[in-house]
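Residue numbers (numbering that gives the first Met the number 0), protein chains in the order written: chain E, 0 to 161; chain R, 0 to 96. Note that the Cβ used here is the ideal one computed from N, Cα and C, for glycine as well.
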Amino acid sequence: MDSQLTELEKLVHDAEVYRHAQKTSAVQGYLDSHPELPQYTRNLTHEIKEKIIYHLSNGDSTKEVQIRGEVEALQAHIATAQEPGNILLTLLAEEITLSYLMMRQSDASHARQYGQTSTQALRRADTAHVRLMRTIRTLASIQRLPFINVNIGGTQQIAMTH
Amino acid sequence: MMVQKGTSTYCYQSVRVDGKPKSIYLGASSSPQAKAYEQRKEEKKQQRNREEELQRLNEQLENALKLIKIMERGYLLLAGYYERKSEIRKLQGDYCG
């Protein structure tokens, strides 16, 4: 998966830098030929969310229920702002949820190690907060975009109407 | 550290005095000092394990976020946009594949 990720990253980077049809087609070709990527991403994020929730709750089932409730509320809030099947908005929603959990986890680590928080841990907490804010802003920017309907192969579509 | 001598076990604590390592005798393994020392050692070990586990989790999280971000950028390009300096910009002209 790492080599695939590196290949996709390079194609995306080239398309963003050169901005012409050939490079954009290469990205489309890659995503069309790897239809498993969205599902793989969903599985991976689901697994990591579960691990963070487990770590946050520290074996306390009441705490776990509370954190799951927070995540569900956040997901429900994001879901009202997106159209079903819109992969771009789904990815942003996943990023927001993960960033939120990352921030909660930083807070929990700080609370557990009060007085012994390392510089690295403080930097992580800052990063988590900045990432969450930036992703929310990106989601809001994308929601404001005019109508887009791009067939990206298979059954997936990017479609936004405003 | 615990040292086995014959049938008994004795506890020592390693410290540095004027930059030189020195072992302080805490008592037999059954003494309160030795038990407290063992408990502190166990807590440190657990703390280190938790930190390593957290470190691994953070690495996995970073990888997942990186994958999501690259895919977002890819799908955004297919929609005719790209992200630059945290702004969403429209691809100009003949971009569409």
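Contact check, residue i vs residue j, beta carbons under 8 Å
i, j, result
"E/Ile86", "E/Pro37", "yes"
"E/Leu4", "R/Ile69", "yes"
"R/Ser22", "R/Cys10", "no"
"E/Arg18", "R/Leu90", "yes"
"E/Val16", "E/Val26", "no"
"E/His54", "E/Gln104", "yes"
"E/Met132", "R/Leu60", "no"
"R/Glu82", "R/Arg72", "yes"
"R/Val14", "R/Thr8", "no"
"E/Arg136", "R/Ser85", "yes"
"E/Ser56", "E/Lys50", "no"
Other residues of its chain near residue i: CB distance less than 8 Å, five sequence neighbours each side excluded
i, result
"E/Ala92", "Gln74, Ile77, Ala78, Gln81 and Leu138"
"E/His161", "Its pLDDT being 46, under 50, E/His161 is placed unreliably by the model, and the measurement read from it follows with that caveat. Contacts found: Gln142, Arg143, Leu144, Pro145 and Phe146."
"R/Leu56", "none"
"R/Tyr80", "Ile87, Arg88, Lys89 and Leu90"
"E/Val70", "Lys48, Ile52, Thr96, Tyr99 and Leu100"
"R/Cys95", "Because the pLDDT at R/Cys95 is just 49, under 50, the model does not fix this residue reliably, and the point stays unresolved."
"R/Pro20", "Ser13 and Val14"
"R/Met0", "Cys10, Tyr11, Gln12, Ser13 and Ser22"
"E/Asp106", "Ala124"
"E/Ala120", "Ser105, Ser108, His109 and Gln112"
Residue i: first and last residue of the uninterrupted alpha helix (DSSP H) it sits in
i, result
"R/Pro31", "Pro31 to Leu77"
"E/Leu88", "Ile86 to Arg111"
"E/Lys62", "Ser60 to Ala78"
"R/Ser7", "Not the alpha helix (DSSP H): R/Ser7 falls in the beta strand (DSSP E), residues Ser7 to Val16."
"E/Gln142", "Thr118 to Gln142"
"E/Lys50", "Leu36 to Ser56"
Assumed close pair residue i, residue j - CB separation to whole angstroms, cut-off 8 Å
i, j, result
"E/Ser108", "E/Ala127", "Not quite, the Cβ-Cβ distance comes to about 11 Å (not below 8 Å), so this is no contact."
"E/Ile47", "R/Ala63", "5 Å"
"R/Gln12", "R/Leu25", "6 Å"
"E/Leu90", "R/Ile67", "5 Å"
"E/Thr23", "R/Leu76", "6 Å"
Nonlocal neighbours in the same chain, by C-beta distance under 7 Å from residue i, ignoring five residues either side
i, result
"E/Thr154", "Because E/Thr154 carries a pLDDT of 49, less than 50, the predicted location of this residue cannot be relied on, and the following value inherits that uncertainty. Result list for E/Thr154: empty, nothing under 7 Å."
For residue i, the first and last residue of its enclosing beta strand (DSSP E)
i, result
"R/Pro20", "Lys19 to Ala27"
"R/Lys4", "Met1 to Lys4"
"R/Lys84", "Taken as a continuous stretch (DSSP letters only), R/Lys84 belongs to no beta strand (DSSP E), as it is neither H nor E."
Own chain residues within Cβ distance below 6 Å of residue i, not counting five before or after
i, result
"E/Val64", "none"
"R/Thr6", "none"
"E/Gln115", "none"
"R/Gln32", "Leu25 and Gly26"
Contact list for residue i against chain B, beta-carbon separation under 8 Å
i, result
"E/Val129", "Here chain B cannot be found, since the structure's protein chains are E and R."
My parser needs the alpha helix (DSSP H) runs of 4 or more residues fully inside the region 3-34 of chain E; what are they? 20-32
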